[in-house]
Every structure is written in C-alpha cells, then in structure tokens.
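What follows is a set of notes on a single structure, which appears directly below.
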Ligand code: RB5
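Numbering (the working numbering), first residue to last: 418 to 564.
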C-alpha cells in the first residue's frame, strides 16, 4: 500500500502511551485523517495486549488503512500486534526506522513508546510513516515470505 486510500487510521495505547496517543491523534486529525480511537481513554492502568489485539484485528480486517499503537516502551505492543496475520507492526525510535519500515517492510502499524520517545520525534516518525511508500521489488519477495 503506497498511499492511504481511504485516509482512515486506527489508534490505540495502554495507559503508558495515553498522552502520546492523544497528541498524535490531534496531529492525525489536523492532517485530515479519520481516526478511530480504540482507547485507552485515560491514565488508569490497563493491559497493553488488550489494546494491541483490538488494533491488530481492525487492521487485519481492513477496517483502517494503517494503525498507530503505543505502550510505555512499544515493545509489548509490538509483540502482541505481530501475533496477528497480516499485521506488520514496526517499533520505531527515529526517522530512519520510520522510513525503512515503510520502504522495506511495508509496515502497516507504527509502534511508539510513550515513555521512551520524545513528542517531537514521535511526530516526525508519524509523518514519515504516513508519507513513505513501499519500494516493492526484492522487498516485496521478502515481505511475502512473512505470510
Ligand atoms: C506498562 O507499565 C508497561 O509495561 C507497558 O506500557 C509496556 O511498556 C510494555 O511493553
């Protein structure tokens, strides 16, 4: 998927990613995306697999073009999301990882850590994730092997 055809995005986090989720949701809405927020909706402690699973199911079912997922480090959320067939969730910490996860891995879920990634870096990763096309070619062969 090179462009997000329907401009729909699903977003989710646990409590540790909640603040960053709210910020990125505003950013997405300002960019014109229809954002489906699956929670969590506050700072109360919750379990990250519940939110990662809900988001991964929505992406795998084609309910949204892409997903943005957060927990404290991004690690637990990545592990949970990548258990779902058709989901390629990429934990990113910088512009380069956000670019390569699109160009080489055709990642359909951006994962960020609310406790480890500064808001400005997260915003940069998001914009790159949204704007960068998949290169295809030899990378398409490798991505096909993931299935
Ligand atoms: C929650 O305390 C924390 O464990 C969670 O957000 C995440 O970092 C797990 O990988």
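Even glycine gets a Cβ: it sits at the ideal position worked out from N, Cα and C.
Segment contact flag, the stretch 542-560 with the stretch 506-519, C-beta cutoff 8 Å, min 3 pairs:
Touching, yes, given that three or more Cβ pairs across the two stretches are closer than 8 Å.
Check this for me: beta carbons of residue 505 and residue 522, under 7 Å apart or not?
Cβ distance < 7 Å, so residue 505 and residue 522 count as in contact.
Ignore the nearest five residues each way along the sequence and tell me which others in residue 526's own chain have a CB closer than 8 Å to its CB.
Only residues of its own chain outside the window of five on either side were considered, and among them 472, 473, 476, 483, 484, 485, 486, 498, 504, 505, 506 and 507 have a CB closer than 8 Å to the CB of residue 526, listed in chain order.
Tell me which residues share the same chain as residue 433 and place their Cβ nearer than 6 Å to its Cβ, disregarding the 5 neighbours each side in the sequence.
Cβ neighbours of residue 433 beyond the five flanking positions: 488, 489, 531 and 532.
Would you say the beta carbon of residue 490 comes nearer than 6 Å to a heavy atom of the ligand RB5?
Yes.
Reduced DSSP secondary structure (H/G/I, E/B, other) of residue 548:
In the structure shown, the three-state DSSP call for residue 548 is helix.
Using the C-alpha atoms, what's the distance from residue 514 back to residue 554?
Spanning the two alpha carbons is a distance of roughly 19 Å.
Nearest by alpha-carbon distance to residue 462: which of 536, 562, 502 and 431 is it?
It is 431.
Please name the residue, chosen from 552, 557, 478 and 536, that lies closest to residue 520 on a Cα-to-Cα basis.
It is 552.
Residue 514 lies in the alpha helix (DSSP H); which residues open and close that run?
Per DSSP, the unbroken alpha helix (DSSP H) holding residue 514 starts and ends at 512-520.
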